[in-house]
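Heads up, the thing below is written out as structure tokens.
2 protein chains.
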Amino acid sequence: MPSWVDGQPLERLSVRDRGLAYGDGLFETIAVNRGSPTLLARHLARLGEGCARLQIDLDLALVRAELLAFSRELGDGVAKLIVTRGDGLRGYAPPQPGLPRRILQGSAKPSYPACNAELGVRLFPCVTRLAEQPLLAGMKHLNRLEQVLARAEWQDAEHAEGLLLDTSGRVIEGVYSNLFMLKDGVLLTPDLSRCGVAGVMRAELLAQAADQGLPCHVCDIGLDTLLGADEIFLCNSLYGVWPVRALQRHEWPVGPLTRKLQIIACDLLDS
Amino acid sequence: MPSWVDGQPLERLSVRDRGLAYGDGLFETIAVNRGSPTLLARHLARLGEGCARLQIDLDLALVRAELLAFSRELGDGVAKLIVTRGDGLRGYAPPQPGLPRRILQGSAKPSYPACNAELGVRLFPCVTRLAEQPLLAGMKHLNRLEQVLARAEWQDAEHAEGLLLDTSGRVIEGVYSNLFMLKDGVLLTPDLSRCGVAGVMRAELLAQAADQGLPCHVCDIGLDTLLGADEIFLCNSLYGVWPVRALQRHEWPVGPLTRKLQIIACDLLDS
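Quick note, the sequences are listed as chains A and B, same order. Numbering follows the working numbering, with no gaps: position 62 of the first sequence is 62. Here the working numbering runs 1000 ahead of the position in the second sequence, where the first position is 1.
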């Protein structure tokens, strides 16, 4: 599988990179089909927004060109793009001027069981809670120890994903997915202004719902509200949409709206 | 300046390292004098504790041996030790079994102005607040975007350090230092069970204070309490102790206890 650093085929990078030192950077995980990256505009928009918030002066046109060339080489698979603030001396102060680094890593498409999408998944109730940090909320940055701890909580294959709450007990997301619920014909998804990763597929589904005149609220969601949902589903930019069929003793049917959005997501990722 | 990866002189590491991908690891910053690392037992103890909490199966005896050999090569300077969970496939799940990676980077001793230690420093009041995450609190892990954002808040040389509060408004630490205050003969330092880095010099000074019968409390400290202090000082394992002389319009004298602990820290770092 190919690996590029700053546009060159390389498997290694400097030990002085601030991505390693401090997680000082961002990433995107992009499905690639027949040599083309999917949802490219949304991935680049999120990356650009994250860079603006972290004051990383990235050449997005260069990244776009590299991603297109890398995807052609990869063919079918997953392109993981990491952008860091580049090399630094010891100490937290960002180097001035910074020279951001682009890293591209190819891997095979994940082989999730087909039943995840068809029958729905069981959520593991993670004990790990997400800390509330508005300055970092929403970004897909490289500080991901909370996700590492949460994902280490279960090993069994019965649970395809875990449910993450924040430290105040609000429902936020899956470990590697965003979450939506339907109640009385209204689509709800957690507000991610305190913590969580604002996924590209989440943004796309919010836009699709708006296009179709489906009422959709981004708001705080308590666990009780989630448990009272008519339908629940997860999404990300690799697998699309998975219905949630169970959390502990609670069960949900795979509903019609979930199926409808699943088809839309599938089309987006196949195109 | 030397740089080792897994015991070999190397300047590069795999792009698949989980330290880069997720900040999935820990670090120690160690002053090295005449070929010997200072406060070695405390650095290794903290590293071992962090590895236990993150379930990174590190061979501490190997790390110790490498650190001693690296310090001999470095002579005088700073040895930064990074331990990561090693390479991983895509996805948060920790690889089983893990093969932790050791990275050592040498650099020159920082050249802080002598007046920091002699006259004391002015603290910058950081707007960045530390999120409260008990699962990660105290560890010197690689998820340090909060410190990067905080350190980017000021560029002037007038402020040597910044003051960090948590999202609830408690006083926690400096950006790269721990903080102590003295009030009515009692030493106080913030409780770091929700956020913050429990520094090696902090641990050493707490032990020294206990040895000398000086009452010392680890507790929550509000900003008002800090402003009412008789003496305030910062510490870390590179510079030792810096008195705090000012925060905005508030000023403090450099008091006798600060000087006493400064001498102790200085001796520890010179030995």
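Note that CB positions come from ideal geometry on N, CA and C, so glycine has one too. Given the structure is predicted, the values throughout are model-derived calculations rather than measurements.
Opening and closing residue of the alpha helix (DSSP H) in which residue i lies
i, result
"Pro-1256 of chain B", "1256-1270"
"Val-197 of chain A", "It is not in any alpha helix (DSSP H) - Val-197 of chain A carries neither H nor E in the DSSP assignment."
"Ala-1045 of chain B", "1040-1054"
"Gly-19 of chain A", "18-22"
"Leu-58 of chain A", "Segment: none, Leu-58 of chain A is in no alpha helix (DSSP H) and carries neither H nor E."
"Leu-227 of chain A", "223-227"
Element boundaries [beta strand (DSSP E), containing residue i]
i, result
"Asp-166 of chain A", "159-166"
"Ala-1246 of chain B", "1240-1247"
"Arg-1102 of chain B", "1101-1107"
"Leu-234 of chain A", "231-236"
"Thr-1084 of chain B", "1077-1084"
"Pro-190 of chain A", "186-190"
Three-state class that DSSP yields for residue i in the structure shown
i, result
"Cys-1126 of chain B", "coil"
"Leu-142 of chain A", "coil"
"Leu-1179 of chain B", "strand"
"Ser-1071 of chain B", "helix"
"Leu-135 of chain A", "coil"
"Glu-1153 of chain B", "coil"
"Ala-1031 of chain B", "strand"
"Leu-1214 of chain B", "coil"
Spatial neighbours of residue i in its chain, beta-carbon cut-off 8 Å, leaving aside the 5 residues before and after
i, result
"Cys-1216 of chain B", "Val-1186, Leu-1187, Leu-1188, Thr-1189, Leu-1206, Ala-1209, Ala-1210"
"Glu-153 of chain A", "Phe-124, Cys-126, Val-127, Thr-128, Gly-162"
"Ala-1131 of chain B", "Glu-1146, Asp-1166, Thr-1167, Cys-1195"
"Val-1197 of chain B", "Gly-1138, Met-1139, Lys-1140, Glu-1173, Asn-1178"
"Val-1254 of chain B", "Leu-1119, Gly-1120, Glu-1231, Pro-1243, Arg-1245"
"Leu-74 of chain A", "Met-1, Pro-2, Val-32, Gly-35, Gly-106"
"Arg-1151 of chain B", "Gly-1162, Val-1175, Tyr-1176"
"Leu-182 of chain A", "Leu-188, Ala-229, Asp-230, Glu-231, Ile-232, Gly-255, Leu-257, Thr-258"
Proximity to residue i [Cα-Cα], best of the options
i, options, result
"Arg-1245 of chain B", "B:Cys-1051, B:Gly-1120, B:Gly-1035", "B:Gly-1120"
"Arg-1259 of chain B", "B:Cys-1235, B:His-1141, B:Gly-1007", "B:Cys-1235"
"Val-1175 of chain B", "B:Met-1181, B:Leu-1164, B:Ser-1168", "B:Leu-1164"
"Arg-282 of chain A", "B:Glu-1049, B:Ala-1031, B:Gly-1050, B:Ile-1082", "Absent from the structure is residue 282 of chain A, since the part of chain A shown begins at 1 and ends at 271."
"Ile-1172 of chain B", "B:Leu-1257, B:Ser-1193, B:Ala-1160, B:Leu-1182", "B:Ser-1193"
"Trp-1004 of chain B", "B:Ala-1031, B:Gln-1105, B:Arg-1053, B:Ala-1045", "B:Gln-1105"
"Asp-1156 of chain B", "B:Arg-1122, B:Gly-1169, B:Leu-1182", "B:Arg-1122"
"Met-1139 of chain B", "B:Leu-1257, B:Leu-1013, B:Ala-1052, B:Trp-1242", "B:Ala-1052"
"Leu-44 of chain A", "A:Met-201, A:Ser-111, A:Val-241, A:Met-181", "A:Met-201"
"Arg-1012 of chain B", "B:Pro-1095, B:Tyr-1022, B:Ile-1103", "B:Ile-1103"
"Val-1015 of chain B", "B:Ala-1065, B:Asp-1059, B:Arg-1101", "B:Arg-1101"
"Asp-1184 of chain B", "B:Glu-1118, B:Ala-1229, B:Pro-1094, B:Leu-1145", "B:Ala-1229"
"Ser-71 of chain A", "A:Gln-96, A:Arg-64, A:Ile-232, A:Ser-36", "A:Ser-36"
"Ala-1041 of chain B", "B:Gly-1088, B:Glu-1204, B:Pro-1134", "B:Glu-1204"
"Asn-1143 of chain B", "B:Leu-1026, B:Gly-1088, B:Gly-1199", "B:Leu-1026"
"Gly-1088 of chain B", "A:Asp-267, A:Val-148, A:Leu-247", "A:Val-148"
"Asp-1006 of chain B", "B:Gly-1023, B:Ala-1150, B:Arg-1064, B:Leu-1039", "B:Arg-1064"
"Asn-1116 of chain B", "B:Leu-1136, B:Leu-1060, B:His-1159", "B:His-1159"
"Gln-1248 of chain B", "B:Ile-1263, B:Leu-1223, B:Pro-1094, B:Ala-1021", "B:Leu-1223"
"Leu-20 of chain A", "A:Leu-214, A:Gly-213, A:Arg-90", "A:Arg-90"
"Pro-94 of chain A", "A:Leu-54, A:Leu-62, A:Gln-212", "A:Leu-54"
"Gly-199 of chain A", "A:Leu-39, A:Pro-134, A:Pro-9", "A:Leu-39"
Nonlocal neighbours in the same chain, by C-beta distance under 7 Å from residue i, ignoring five residues either side
i, result
"Gly-98 of chain A", "Ile-56, Asp-57, Arg-85, Gly-86"
"His-1250 of chain B", "Leu-1227"
"Asp-1270 of chain B", "Asn-1033"
"Asp-1191 of chain B", "Val-1218, Cys-1219, Asp-1220"
"Thr-29 of chain A", "Val-78, Lys-80, Ser-237, Leu-238"
"Asp-1076 of chain B", "Val-1032, Asn-1033, Arg-1034, Lys-1109"
"Gly-23 of chain A", "His-141, Leu-142, Asn-143"
Sheet register partners of residue i (DSSP bridge)
i, result
"Trp-4 of chain A", "A:Pro-9, A:Leu-104"
"Gly-98 of chain A", "DSSP, once it has assigned bridges, lists no residue as partnering Gly-98 of chain A."
"Ser-1111 of chain B", "Ser-1111 of chain B pairs with nothing; no bridge assigned."
"Arg-1170 of chain B", "B:Gly-1222"
"Asp-87 of chain A", "A:Asp-17"
"Val-63 of chain A", "Answer by DSSP bridge pairing: none, since Val-63 of chain A is not bridged."
"Val-1148 of chain B", "DSSP lists no partner for Val-1148 of chain B."
"Gly-25 of chain A", "A:Thr-84"
"Pro-1253 of chain B", "Answer is none; Pro-1253 of chain B lacks a bridge partner."
Proximal residues to residue i (C-beta, below 6 Å), its chain only, five neighbours per side dropped
i, result
"Pro-1256 of chain B", "none"
"Cys-266 of chain A", "Gly-240"
"Gly-169 of chain A", "none"
query = Relative to chain C, which residues along the segment 74-94 of chain A have a C-beta separation below 9 Å, given in chain order?
reply = Of the protein chains in this structure, namely A and B, none is chain C.
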